[in-house]
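Here the structure is laid out as structure tokens; the discussion comes afterwards.
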Amino acid sequence: MSRGPLQVIGQSLRRVDGRAKVTGQTRFADDLALPRMLHMRLLRSSVPHARIVDIDTSAAERAPGVKLVLTGAAFPIPFGILPVSQDEHALCTDRVRFVGDPVAAVVATDEWAAEEALGLIRVTYEPLPTIADPEEALAHPEPRIHSYGEEGNIHKRVAFDFGDVEAGFAAAEQVFEDLFYYAGSTHLPLEQHATLATLDPDGKLVVYSCTQTPHYLHRALARVLQLPAAHIRVVATPNGGGFGGKSDPFNHEIVCARAAMLLGRPVKICLSREEVFYCHRGRHPVLMRLRTGVRRDGTITAMELHTLLDGGAYGSYGVASTFYTGALQTVTYRVPAYRFRGCRVFTNKPPCGPKRGHGTPQPRFAQEVQLDKIAEALGLCPAELRLRQLMPPHALTANWLRVGTIGLAECIRKVVEGSGFRERHRRLPRGRGLGLACSAYLCGAGLPIYWNDMPHSGVQLRLDRSGEVVAFCGATEIGQGSDHVLAACIAEVLGLMPHEVRVVTGDTALGPVDLGSYSSRVTLMMGHAAIAAAERARTLVAEGAAARLGVPAGRLVFAGGRVFDAEEPQRGLSFAEAVAAAEARHGTLGTVGSYWPPPAAGRYKGAGVGPSPAYSYSAAVVEVEVDVDTGWVRVVRVHIAHDIGRCINPVLARGQVEGSVYMALGEALMEEQAFRRLPSRLSAALVHKQPSMLEYKSPTCLEMPEVVTYLVEQPEPAGPFGAKEVGQGPLLPIPPAVANAVYDAVGVRIDELPITPDKVLRALQERARNPRRGRVGPESFPHIEWPRVVRVPTPGEAGEAAAMPSPGAEVRP
Amino acid sequence: MMRLPRLRYVAPRTIREAAAALADAGPEGALLAGGTDLLPNMKRRQQVPRILIGLRGVQGLRVRELGEAARLGAGLTLSEMLRDAALCAAYPGLRRAVASISTPPLRNMGTLGGNLCLDTRCNYYNQSLEWRKAIDFCLKKDGTICWVAPASPRCWAVSSSDMAPLMVALGARVTLQSAQGERELAAEALYVDDGIAYLSRRPDEVLTDVVLPPHAGLRCTYLKLRRRGAFDFPVLSVAAALRLDGDHGDAPVREARLVLGAVGSHPVLAAEAGALLVGRPLSEEAIREAAEAAARLAKPLDNTDYALGWRKRMAGPLIAAALRELRGDGPPPHGELARAGVRGRPSGAC
Ligand SMILES: Cc1cc2nc3c(=O)[nH]c(=O)nc-3n(C[C@H](O)[C@H](O)[C@H](O)COP(=O)(O)OP(=O)(O)OC[C@H]3O[C@@H](n4cnc5c(N)ncnc54)[C@H](O)[C@@H]3O)c2cc1C
Ligand code: SF4
């Protein structure tokens, strides 16, 4: 069959779910209502750490309108997103671990009655000492927040040496060492989490929920509720924003399901904004120590990174997050030897987890700010320093990640030219500055959350004589546009427009498994599965059409809603006629496509986090204005280039880039998931400082600067039509670029996010006293007992053919 | 969704009926204007009146007269005030203050009266019932300790209304009406330096209108410090009203009133600073002296957004910027004042 130029891919078409969204017809979970529906509310712990001595629910049970009161006794089986961290109970059984941990649930005829009944539940707590931050967690192994983990309050520790790190540092002409801190932040999706559970007429459980990962929720429900998975249907409703905050199975989902089963009636819960802050799973606060050895020309000879993550009260994705703080430091620049130590601790705060960029924005901030310092110290241009040692394409990194295409050089050129970086950096009047930074991200995690050898994504197509094509897939639309990508990939293959493909997604009863909307995996993995299914369908349809037209199938073209002879284009059928011909010839038409990522190159223990079929790259130049009297930072303009491989829909891609920039600016300048302890002689309280949309400061559109986006297209062989991710990567270069720009503007280093005016002013004052100083950032990194180091020879040392060429091998004497 | 507590709603038609209903309700009652402050507070159980007396249908609360001076009904919405071009031109500081309040949808609901009677705010108080339970409450509501100043016998919740400091600076007068009758008092006298009993308004009184001074020759401005260009309450604000002995910015000052907002439980009138300016032109020296004197009164506590020390440090520059603007220098030069809607996109477009 002939394949002409791409017709759908690359076009700025209206997204397939756009009409419903702008006309308010999208039905989010909280929009759903069923006859006889009941409402649920959760009682959450008001103490940060305690043993539950007693829960008296008798008064609540008698309250008007109350149908059911549940406590932890109903949920003996724990769950958790990772098999190694099954540490949550749907309702706390014997222990509460943070203010907001759910201890009881009330189901009533309306929310009001449920809420009033919550006030009648009496919980007797026996308070335990609290752990507020990582330093305390390391200093106080007792009381343990969890009885599992490494020891004391340490959840996870990892230690790797890739290659001969000491030799690398010995070869360095200068070694830079810095401490950085990246504050925690939350996702702040506009839609608050909501779930509706009901029994279908067969008595089987149906759960509608705004989840990014219906498949993993499905598994958790089966486990906790002890039901055969085949008797549970999970429907992921369109998410009103996710950003990683809806990718764990949550307490309220499981309790809601159990309540619907016990009552035989639909039960709904919609969390308050405050409760969303308690669900959290947001950005880990990370303290970092970064040491980098360089030659005089800036070439990196070795790198050593220590990270300390404040995990909050539960495991969540934390083990993966810990690995991720170290995994992707090697994929942008050539790092011949690399040492990584990571540690995650438990604290009495809402659990941290994956937020856009999952574990990688923090070390990226450290690395890119340090490179800026290196460039200055060595008298090099920051762009030049980076361009000189980019990771080569199609090679293995020191920690055995196989990178494919790399459009980073082009990205750097775009933003440098667009912003006039070369002419203006270090040359603007005081108070104005430019900062450059780069980054890389995954296009899908190479391994699933739980070990299995089945596909990561599946797509099923149904076609019939009506000409309708229906695509079924477990992938979840969280606003990122995955429904559109699914329709577009299929439309491209079949010569249709995306709106002519009906998509049925996020429903475990209707679509094949897709692991979910996380790790920037959907476009790549679902895209491949969709193309495979569509190509099979095209073959079937072509065979039918070929017979009908008397033209060899190989000469048929699918385009413009027709199937026709490439040599005689007027000779053809409408798509519907062609499908009818195929249905007559083959019988009922259906095809499937599956995708498995390639196996990881690394074989060492811990090699599972980091590998991806492809890596996306970004570069940004941020321009700021800093007021020296107040420390106020205003972002004037952002130039950002993203290596997307191939753009499936430029409007959607730009939306993701701009959204990433927006979120990153929030983290860079103001957002902080902050906590408050009261004076200890008066109170043991440890509370979230501002769990509200008003006081948790996130930028508004008024704070949003102009964003100039460049999409760099260098098709990636491992991507569908050459596409890579764009949902997360573009967040990464922004925070360090802001910090570097602030330095360029006023000569102070803020090595700690967020960069607030009081920090800038403090640094400016320090600099006024001593011109060689002028920094705000962490001053020390606590002592941690690291486990036995996993020593892994680099691919080069192991004689691997695809090893990256050693840096400057030619110039070495 | 958070739910209101159970309540009874009364819908009077006249001011007299409203005052009578308020008197009948006693401590159980509260007036409801736009509800943008009261209703969220009720959902969080910071305030739990059992009887709400709605002002929406009350006649006579929406007067809007502009002659040499202005009389404004307490029931006017903030958007209505912003749409009145003549009013905004006559009192540019008023326009600035109103335009800086929250967001356009909230300004469509929120009223002048509600803004002037806005509850004081504090990070330990503007929280849900559950959250406050976790700190065992505080003095202002249901508790025994002030967490901001544990040794203090009083509450330090912050006066956060944007119009209150301006009205005090203007020397506006407010009218209060109860079943017993009517009284008029200076805006300054409406406020009390106490986070709990922050108004001198008696519980049975309805604020009916506000009278502004003549606008001819008046120079007034309002600058507000906050993190974002919308939504946020002030963490520090300056209202300034001057009359000069002449038409030019370099004429000597005849009368000056400087007021700081969001630094205490009431708008803080910097009388000494005002007096320092009288009889002198607005020279840099005079501005510096006045700003220093006024800034000394800014004693913020750690119960709003932003680091305490930084907020305090900003007082001087903000006051000086306001005075320079009144001298005729044009919009303030400092980057942070973009937040005041002064530079960049005006947050006042409605
Ligand atoms: C997200 C958000 C942001 C906000 N930002 C700001 C801000 O930046 N600046 C600011 O100043 N305000 C802000 N507000 C508060 C509020 O919206 C405004 O102050 C508004 O003007 C209040 O008016 P209202 O009519 O809604 O008051 P209501 O909520 O109806 O009433 C407020 C109080 O005044 C009393 N009251 C109302 N009318 C009268 C009357 N005639 N006589 C006597 N008592 C009366 C009520 O009993 C109540 O105690 C914000 C609110 C929200 C929710
Ligand atoms: S100032 Fe003190 S008493 Fe007043 S609201 Fe705040 S914590 Fe409570």
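Protein chains in written order, with this note's numbering: chain A, 1 to 813; chain B, 1 to 350.
Quick reminder that beta carbons are idealized off the backbone N, C-alpha and C, glycines included.
These numbers come from a predicted model, not from an experiment.
Check whether the Cβ atoms of residue i and residue j lie closer than 7 Å to each other.
| i | j | result |
| --- | --- | --- |
| L118/A | L43/A | yes |
| H230/B | L258/B | Correcting the residue type first, residue 230/B is Ala in the shown sequence and not His. No. Outside cutoff. |
| P795/A | A803/A | yes |
| D305/B | V235/B | yes |
| V790/A | F169/A | no |
| G815/A | Y317/A | Here chain A comprises residues numbered 1 to 813, so residue 815/A is not present and cannot be evaluated. |
| Y198/B | S265/B | yes |
| L669/A | P754/A | yes |
| A286/B | G316/B | no |
Short of 7 Å in beta carbon distance, which residues of its chain neighbour residue i, apart from the five on each side in sequence? Order them along the chain.
| i | result |
| --- | --- |
| E810/A | Confidence is the limiting factor: at E810/A the pLDDT is only 35, short of 50, which leaves the residue's position unreliable, though a coordinate-based value still follows. There are no such residues. |
| V16/A | D483, H484, A487, P498, H499, V503 |
| P5/B | M42, R45, V48 |
| P64/A | A113 |
| N108/B | T77, S79 |
| H639/A | V415, G418, S419, A620, V621, V708 |
| S347/B | Only weak support is given to the placement of S347/B: the predicted model assigns it a pLDDT of 35, under 50, and the value that follows is read from those uncertain coordinates. Once the five neighbours on either side are set aside, the close Cβ partners of S347/B are A99, S100, G229, A230, G341. |
| P78/A | Q86, D87, E88, H89 |
Say yes only if the C-beta of residue i is nearer than 6 Å to one or more non-hydrogen atoms of ligand 1, and no if none qualify.
| i | result |
| --- | --- |
| F233/B | yes |
| A313/A | no |
| S247/A | no |
| L190/B | no |
| I101/B | yes |
Give the interface partners of residue i over in chain A, defined as CB-CB distance under 7 Å, in chain order.
| i | result |
| --- | --- |
| R228/B | K697, P699, T700, L702, E703 |
| W310/B | P757, D758, L761 |
| P150/B | P679, L682 |
So which residues of chain B does residue i contact, with C-beta pairs closer than 8 Å?
| i | result |
| --- | --- |
| E111/A | M1, R3 |
| C270/A | M1 |
| A685/A | A134, I135, D136 |
| E274/A | S128, E130, W131 |
What does residue i touch in chain B if you count any residue whose Cβ is under 7 Å from its own?
| i | result |
| --- | --- |
| M670/A | R227 |
| V99/A | A134 |
Measuring only from the beta carbon, is residue i closer than 6 Å to any heavy atom that is part of ligand 4?
| i | result |
| --- | --- |
| V263/B | As far as ligands go, the structure on display features ligand 1 and ligand 2 and does not contain ligand 4. |
Whose Cβ in chain A lies nearer than 8 Å to the Cβ of residue i?
| i | result |
| --- | --- |
| A295/B | Those within 8 Å of A295/B in chain A number zero; the least Cβ separation is about 14 Å. |
| A307/B | T756, D758 |
| I145/B | L682 |
Nearer than 6 Å: is that true of the beta carbon of residue i relative to any heavy atom of ligand 2?
| i | result |
| --- | --- |
| A151/B | no |
| W786/A | no |
| L276/B | no |
| N399/A | no |
| A157/B | yes |
What does residue i reach in chain E if we use C-beta pairs closer than 8 Å?
| i | result |
| --- | --- |
| F231/B | Reference to chain E is not applicable here, since the protein chains of this structure are A and B. |
Going by beta carbon distance, what residues of the same chain come within less than 8 Å of residue i, once the five residues before and after it are set aside?
| i | result |
| --- | --- |
| A553/A | M1, T539, A542, E543, A545, A546 |
| S272/A | Q192 |
| A566/A | S2, R555, L556, V557 |
| T14/B | V58, Q59, G60 |
| C350/B | With a pLDDT of 28 at C350/B, under the threshold of 50, the predicted position of this residue should be treated as unreliable, though the coordinate-derived value follows. Here the set comprises S79, L82, R83, A99, P104, R107. |
Going along chain A in order, which residues have a C-beta closer than 9 Å to the C-beta of residue i?
| i | result |
| --- | --- |
| N123/B | R676, K689, Q690, E695 |
Enumerate in chain order the residues of its own chain whose CB-to-CB distance from residue i is below 6 Å, with the five nearest sequence positions on each side excluded.
| i | result |
| --- | --- |
| L447/A | G608 |
| G72/A | H89, L91, C92, T93 |
In chain B, which residues lie less than 9 Å from residue i when you measure between Cβ atoms?
| i | result |
| --- | --- |
| R646/A | Correct list: empty, because the minimum Cβ distance to chain B is about 37 Å. |
Taking 8 Å as the cut-off, does the segment 317 to 324 of chain A touch the segment 183 to 202 of chain A (at least 3 CB pairs, one atom from each stretch)?
no
Is there contact between the segment 228 to 242 of chain A and the segment 25 to 33 of chain A, where contact requires at least three CB pairs shorter than 8 Å?
yes
Per the contact definition of three or more C-beta pairs closer than 8 Å, is the segment 621 to 634 of chain A in contact with the segment 433 to 440 of chain A?
yes
Tell me whether the segment 592 to 600 of chain A and the segment 520 to 529 of chain A touch, counting them as touching only if at least three CB pairs, one residue from each stretch, are closer than 8 Å.
yes
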